[in-house]
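Here the structure is laid out as structure tokens; the discussion comes afterwards.
Protein chains: 2
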Amino acid sequence: MVNQQKDTEQKIMNAAKEIFQQKGMTGARMQEIADKAGINKALLHYYYRTKEKLFEKVFEMAFSIFIPKMQEIMLSEKPVFEKIEFFIENYMDLLTKHPYIPGFVINELNRNPQILVNIFEKNVQIKENKLFEKFDTQVQTEVQKGIIKPIDTKNLMTNIIGLIVFPIVARPIIQGIMFENDKKQYDAFLKQRKDFVIDFIINSIKA
Amino acid sequence: MVNQQKDTEQKIMNAAKEIFQQKGMTGARMQEIADKAGINKALLHYYYRTKEKLFEKVFEMAFSIFIPKMQEIMLSEKPVFEKIEFFIENYMDLLTKHPYIPGFVINELNRNPQILVNIFEKNVQIKENKLFEKFDTQVQTEVQKGIIKPIDTKNLMTNIIGLIVFPIVARPIIQGIMFENDKKQYDAFLKQRKDFVIDFIINSIKA
DNA sequence: ATTTAGTTTAACCAACTGGTCAAAAATAGA
DNA sequence: TCTATTTTTGACCAGTTGGTTAAACTAAAT
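From first to last, the protein sequence lines stand for chains A and B. Numbers 0 to 206, taken from numbering that gives the first Met the number 0, label the letters of the first sequence in order. Numbers 0 to 206, taken from numbering that gives the first Met the number 0, label the letters of the second sequence in order.
This is the structure:
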């Protein structure tokens with residue numbers, strides 16, 4: 000029955016996501032994934048032939064969660080200030096829902112940078128869109144118009160993403176040192192940080 | 000012979016550092032560490048009883064690399080602007096020499112946040128110094144004096160560290176997307192970024 | 001030269017790991 | 001209902017893993 004099949008496949012994917020994102024490729028165990036999915040281990044290999052193939056699917060899905068919103072915002076016709084504000088707002092919310100993904104992606108990419116190349120090969124549209132080049136052109140146009148200060152777009156982009164992502168991936172250490180490991184306090188910190196980062200970036204570039 | 004002993008122990012540590020920092024606790028293999036150290040695997044267990052104990056030593060040393068400079072700068076009597084400039088300058092240089100450490104620390108801390116607590120227990124002086132509180136007081140003093148804009152120190156500190164660390168831990172993805180995987184270009188990017196980040200932070204807080 | 005203590009090794013082990021396979025169970029089509 | 005196909009399972013396997021052990025080696029002290 001097709002429904003049962005999709006159901007099992009989905010149960011496997013959900014379990015695999017959770018385990019892989021928490022423990023990484025090398026730390027995850029097929030048996031643990033099977034247990035979490037409530038099925039036999041052999042069934043994992045029936046649907047996804049190897050651990051590596053299952054992992055690649057999980058990684059691909061994790062990575063792709065952040066692509067559509069990026070495209071929507073970056074390719075829109077909004078001015079730079081608005082784009083930045085939307086970008087920070089949306090991605091901080093997205094990360095609140097998927098806090099494990101950035102650390103997972105960063106870690107696995109450090110282990111094997113080749114994964115990124117494979118994803119680009121499979122999913123050409125991402126690279127083809129040239130999101131960055133488009134944004135770069137827009138920024139430099141507004142620089143020349145005198146709307147924003149002269150700035151290197153790559154540095155700006157790195158700053159924006161860094162300020163968003165870093166407090167999430169480095170949560171254990173920041174929460175431990177600056178917030179005495181108080182989870183609620185740190186959640187509040189992340190919440191108030193949204194407007195702070197927006198102001199911080201906008202102030203630093205407006206002419 | 001004491002010299003021989005220290006030599007073997009050092010060879011093990013060097014090998015363990017390299018393997019653990021590259022592959023993480025779960026990805027590292029005792030056999031691989033032994034091979035890299037040029038010794039028998041049983042000798043690993045002779046000097047460091049278990050994989051976990053060896054790992055803890057490596058993690059502790061990796062973590063402690065970043066502490067002394069932090070204390071030196073933060074506890075000095077320099078004004079805030081100078082402290083920030085020194086901090087960024089020094090840590091970006093330090094990270095160039097040890098690029099694997101931040102990713103390693105962040106990843107292992109996400110896997111097991113307890114490690115941080117253990118380190119604090121073993122190494123009380125780090126926590127006792129209350130580096131952050133001291134810096135916070137200084138910042139708020141200069142805010143009241145009208146030298147710098149009103150700002151929350153925790154947000155400021157998170158920004159500074161994030162802007163330094165993020166381009167290092169996220170190197171594969173940034174280099175891949177924004178620099179077409181050109182290593183030399185990315186190294187040049189990191190180099191010019193030092194002054195950029197200093198200006199970026201200073202400009203954002205000066206009154 | 002012999003003893004003593006620390007160092008290094010080869011061989012080994014039990015537990016675990018990803019993966020396979022044949023058979024059973026469930027489902028769909030006739 | 002009977003058959004063909006797909007899904008699910010338990011039992012199993014070969015290779016790997018962290019860790020142990022007893023014996024061999026080294027070098028200094030007596």
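Where a beta carbon is used, it is the ideal one built from N, C-alpha and C, also for glycine. Since the model is a prediction, treat every value here as computed from it, not as a measurement.
Quiz item: Counting only beta-carbon atoms, is Ser63/A nearer than 9 Å to chain B?
Solution: Locating residue 63/A in the first sequence gives position 64, where the first residue counts as 1. Chain B contact via Cβ: absent.
Practice problem: For the alpha helix (DSSP H) holding Gly102/A, just list the boundary residues, first then last. | Solution: Taking the first residue of the first sequence as position 1, residue 102/A is located at position 103. Here the alpha helix (DSSP H) through Gly102/A covers 99 to 110.
Quiz item: Cβ of Tyr99/B less than 9 Å from any chain A Cβ?
Solution: Position 100 of the second sequence, counted from the start, is the residue given in the question as residue 99/B. By this cut-off, Tyr99/B is an interface position.
Quiz prompt | Per-residue DSSP class, three states only, for Lys205/B | solution = Position 206 of the second sequence, counting from 1, holds the residue named residue 205/B. Looking at Lys205/B - three-state DSSP - the assignment turns out to be strand.
Exercise. Quick one: using the 10 Å Cβ neighbour count with 16 as the cut-off for buried, is Ile64/A buried or exposed?
Key: The residue labelled residue 64/A in the question sits at position 65 within the first sequence. Under this definition Ile64/A is an exposed residue.
Quiz prompt | Under 9 Å (Cβ pairs) to chain A, residues found in the segment 165 to 179 of chain B | solution = Phe165, Pro166, Val168, Ala169, Arg170, Pro171, Ile172, Ile173, Gln174, Gly175, Ile176, Met177, Phe178
Quiz item: What did DSSP end up calling Ile87/B once you bin it into helix, strand or coil?
Solution: Position 88 of the second sequence, counted from the first residue, corresponds to residue 87/B. The answer is helix: DSSP assigns Ile87/B an H, G or I state.
Quiz item: Buried or exposed: Gly37/A, going by 16 or more other Cβ atoms within 10 Å of its Cβ?
Solution: Taking the first residue of the first sequence as 1, we reach residue 37/A at position 38. Classification for Gly37/A: exposed.
Exercise. Answer yes or no: does any C-beta atom of chain A fall closer than 9 Å to that of Glu120/B?
Key: Translated into the one-based positions of the second sequence, residue 120/B becomes position 121. It does not; no Cβ of chain A falls within 9 Å.
Quiz prompt | the segment 44 to 61 of chain A contacting the segment 166 to 174 of chain A, beta-carbon criterion three pairs below 8 Å | solution = no
Quiz item: At a CB-CB cut-off below 8 Å, which residues of chain B make contact with Ile147/A?
Solution: Position 148 of the first sequence, counted from the first residue, corresponds to residue 147/A. Residues of chain B passing the Cβ test: none, with the nearest at roughly 13 Å.
Practice problem: Quick one: residues in its chain with C-beta nearer than 8 Å to the C-beta of Lys10/B, no 5 flanking neighbours on either side, listed in chain order? | Solution: Within the second sequence, the letter at position 11 stands for residue 10/B. Excluding residues within five positions, the ones whose Cβ falls inside 8 Å are Ala36, Gly37, Ile38.
Exercise. On a CA-only basis, which of Ala33/B, Gly23/B, Gly26/B, Thr25/B is nearest Asn220/B? Give me that one, please.
Key: There is no way to answer for residue 220/B, as the model of chain B reaches only from 0 to 206.
Exercise. With a 10 Å radius around its C-beta and 16 neighbouring C-beta atoms as the bar for buried, classify Asn111/B as buried or exposed.
Key: Residue numbering aside, residue 111/B sits at position 112 when the second sequence is read from its first letter. Burial call: exposed.
Self-check item: Start and end residues, alpha helix (DSSP H) containing Asp34/A
Solution: Position 35 of the first sequence, counted from the start, is the residue given in the question as residue 34/A. Per DSSP, Asp34/A belongs to the alpha helix (DSSP H) from 29 to 36.
Quiz item: Straight-line CA distance for Lys68/B to Phe86/B?
Solution: Here residue 68/B is taken as the residue at index 69 of the second sequence, counted from 1. Here residue 86/B is taken as the residue at index 87 of the second sequence, counted from 1. Those two C-alpha atoms are separated by around 8 Å.
Quiz prompt | Chain-order list of residues whose beta-carbon lies under 7 Å from that of Lys50/B (same chain, five-residue window excluded) | solution = Working through the second sequence from its first residue, we reach residue 50/B at position 51. Met29, listed in sequence order.
Exercise. Alpha carbon to alpha carbon, how far is Pro171/A from Gln184/A? Give it in angstroms, no decimals.
Key: Sequence index remark: in the first sequence, residue 184/A carries index 185 (1-based). Sequence index remark: in the first sequence, residue 171/A carries index 172 (1-based). Roughly 13 Å separates the two Cα atoms.
Quiz item: Looking at C-beta atoms only, is the number of pairs between the segment 151 to 162 of chain A and the segment 180 to 196 of chain B that lie closer than 8 Å three or more?
Solution: yes
Practice problem: Could you work out which residue in Ile173/A, Glu141/A, Ile160/A, Asn158/A is closest to Ala206/A when comparing CA atoms only? | Solution: Position 207 of the first sequence holds residue 206/A. Ala206/A has its Cα closest to that of Glu141/A, out of Ile173/A, Glu141/A, Ile160/A, Asn158/A.
Quiz item: Roughly how many whole angstroms lie between the Cα atoms of Met0/A and Lys52/A?
Solution: Walking along the first sequence from the start, residue 0/A turns up at place 1. Walking along the first sequence from the start, residue 52/A turns up at place 53. Note that Met0/A has pLDDT 40, beneath the 50 cutoff, so the model's placement of it is unreliable and the number below is only indicative. Roughly 24 Å between the two C-alpha positions.
Quiz prompt | Assigned secondary structure, Ile150/B (DSSP; H/G/I helix, E/B strand, else coil) | solution = For the purposes of this step, residue 150/B is taken as residue 151 along the second sequence, with counting starting at 1. It is coil, neither helix nor strand.
Quiz prompt | Within chain A, partners of Leu108/B - CB distance below 9 Å | solution = Here residue 108/B corresponds to residue number 109 of the second sequence, with the count starting at 1. Chain A residues near Leu108/B: Ala169, Arg170, Pro171, Ile172, Gly175.
Exercise. State yes or no: is the beta carbon of Leu115/B nearer than 9 Å to at least one beta carbon in chain A?
Key: Within the second sequence, the letter at position 116 stands for residue 115/B. Interface residue, yes.
Quiz item: When burial is assigned at 16 or more other CB atoms within 10 Å of the CB, is Pro101/A buried or exposed?
Solution: The count along the first sequence starts at 1 and reaches residue 101/A at position 102. Pro101/A should be labelled buried.
Exercise. Inspect the beta-carbon positions of Pro78/A and Ile146/A and report whether they are closer than 9 Å.
Key: The residue given as residue 78/A occupies position 79 in the first sequence. The residue given as residue 146/A occupies position 147 in the first sequence. Yes, the Cβ-Cβ distance between Pro78/A and Ile146/A is below 9 Å.
Quiz item: Is Thr25/B near Gly175/A, with beta carbons less than 9 Å apart?
Solution: For the purposes of this step, residue 25/B is taken as residue 26 along the second sequence, with counting starting at 1. For the purposes of this step, residue 175/A is taken as residue 176 along the first sequence, with counting starting at 1. Contact: no.
Quiz prompt | Exposure label - Gln113/B; buried when at least 16 CB within 10 Å | solution = Your numbering for residue 113/B matches position 114 in the second sequence. The residue is exposed, with fewer than 16 neighbouring Cβ atoms inside 10 Å.
Quiz item: Among Glu8/A, Gln20/A, Ile204/A, which residue has its Cα nearest to the Cα of Phe97/A?
Solution: As a first step, residue 97/A is located in the first sequence; it is residue number 98 there, counting from the start. Checking the displayed sequence, the identity of residue 97/A turns out to be His instead of Phe. Per the Cα distances, Gln20/A.
Quiz item: What are the residues of the segment 189 to 200 of chain B that lie near chain A, defined by any Cβ-Cβ distance shorter than 7 Å?
Solution: Arg192, Phe195, Phe199
Quiz item: For Glu84/B, does the count of other Cβ atoms within 10 angstroms reach 16, so buried, or fall short, so exposed?
Solution: Residue numbering aside, residue 84/B sits at position 85 when the second sequence is read from its first letter. Glu84/B should be labelled buried.
Quiz item: Just by C-beta distance, which residues in the segment 50 to 61 of chain B are closer than 7 Å to chain A?
Solution: none
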